[in-house]
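Heads up: the sequence shown begins at 1 in UniProt numbering, then just goes up one per residue. Every residue, glycine too, gets a C-beta built ideally from N, C-alpha and C.
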Amino acid sequence: YIKTYLLPDKSNRSKRKTTVRKRSLDPIFNETLKYKLEKRDLQGRTLNLSVWHHDSLGRNLFLGEVEIALGAWDWANTRPEWFTLQPRVSPSLPRTPKPPPTAPHNPPPSPPQTPFAPDGLSSRGNLNLALKFIPAGSEGAGLPPTGELHIWVKDAQGLVPLQGSTVDAFVQCYVLPDDSKASRQKTRVVKRSLSPLFNHTMVYDGFQPKDLAEACAEFTLWHHEAFSKRQLGGVRLSLGTGSSYGLPVGWMDSTPEERAVWGRLLQQPGCWVEALLPLRTN
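Laid out in structure tokens, this is it:
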């Protein structure tokens, strides 16, 4: 699918999308994406068009982009034009096995006692993550067009299966309050492992720093079965205020350890924040 922004406006108001065209290396969209403005306002505006792959697990993968300076466009030309897709000016995702180290910090306080699962366990293992917030325009040349939350799901450690001796595990993520299907992203299923290695990156865009203070990144780890799935535990990263945009919500219930991770994310834009967190069963 194609996503567009009319720069320098990097807000959701400027975002347009086509529908997803499936199973094609030569997709035909035949769609018109409209912006309402005066022609004189086109000077200094740039049309950003990016191509994305939306896979069966709900992941959105960047393929390439084109930027067109509208002030120099020949509006008398009504013929279609071809443009070569370009990579991002500055890659945002890590290219090495380990992200850049973050500044030293004092260890967060231990989380309070949490309610136990029916079998008496408050945690079924640990989830190893890294997160980074990239503010809009921080990479130069107006990139990224909006703030991006990058999530690196590395692995899970010491999983305790619900039954049997092993787990077919995958991780599912939402950035609440958006609990729609569009917000859901998943890792692949790693079979027969109590320490599954995912090494999977997710990107959420359209964020301003103030939005992250009202948001919660919810990660749940599941055991995949033939015709169903069973949840083993989860992590909720937020400021843990109990409310979002002035409304009380149950999912703003982060533990002190989880709140410390989200706080470091807000305080260190552009830097990877690493965390190894217990998968709580509540």
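What's the C-alpha gap between residue i and residue j?
| i | j | result |
| --- | --- | --- |
| P278 | F83 | 47 angstroms |
| Q267 | N77 | 48 angstroms |
| A213 | D74 | 43 angstroms |
| S228 | P256 | 33 angstroms |
| W52 | A136 | 19 angstroms |
| A217 | R79 | 45 angstroms |
| E65 | L162 | 45 angstroms |
| R264 | N30 | 44 angstroms |
| L47 | K22 | 25 angstroms |
| P269 | Q208 | 11 angstroms |
| S11 | N282 | 35 angstroms |
| C173 | G250 | 17 angstroms |
| G140 | W272 | 19 angstroms |
To the nearest whole angstrom, what separates the beta carbons of residue i and residue j, a pair I think is in contact under 8 angstroms?
| i | j | result |
| --- | --- | --- |
| L131 | L149 | 7 angstroms |
| G158 | L194 | 7 angstroms |
| V20 | Y5 | Not confirmed; about 18 angstroms, so no contact. |
| T220 | H200 | At roughly 14 angstroms, the Cβ-Cβ gap does not stay under 8 angstroms, so T220 and H200 are not in contact. |
| R45 | L70 | 5 angstroms |
| D168 | V189 | 6 angstroms |
| L129 | A275 | 5 angstroms |
Counting only beta-carbon separations shorter than 8 angstroms, does residue i have a partner in chain C?
| i | result |
| --- | --- |
| H150 | Any reference to chain C falls outside this structure, which holds one protein chain only. |
Helix, strand or coil for residue i per DSSP?
| i | result |
| --- | --- |
| L194 | coil |
| V171 | strand |
| E67 | strand |
| E31 | coil |
| N12 | helix |
| W222 | strand |
| residue 311 | The chain is shown from 1 up to 282; residue 311 falls before or after that span and cannot be answered. |
From the DSSP secondary-structure annotation, give me the bridge partner or partners of residue i.
| i | result |
| --- | --- |
| M202 | I151 |
| T241 | Answer is none; T241 lacks a bridge partner. |
| V51 | I2, G64 |
| C216 | L176 |
| S123 | R280 |
Between the options, which has its C-alpha nearest residue i's C-alpha?
| i | options | result |
| --- | --- | --- |
| D205 | R192, I134, C271 | I134 |
| L232 | H200, T166, K22 | T166 |
| L33 | D168, A215, G140, R13 | R13 |
| T146 | S138, W251, T201 | S138 |
| S238 | W262, E225, Y174 | W262 |
| L37 | D9, H54, D211 | D9 |
| R192 | A215, S254, E225, M202 | E225 |
| K39 | G240, A72, S243, P87 | A72 |
| R59 | L49, I151, D41 | I151 |
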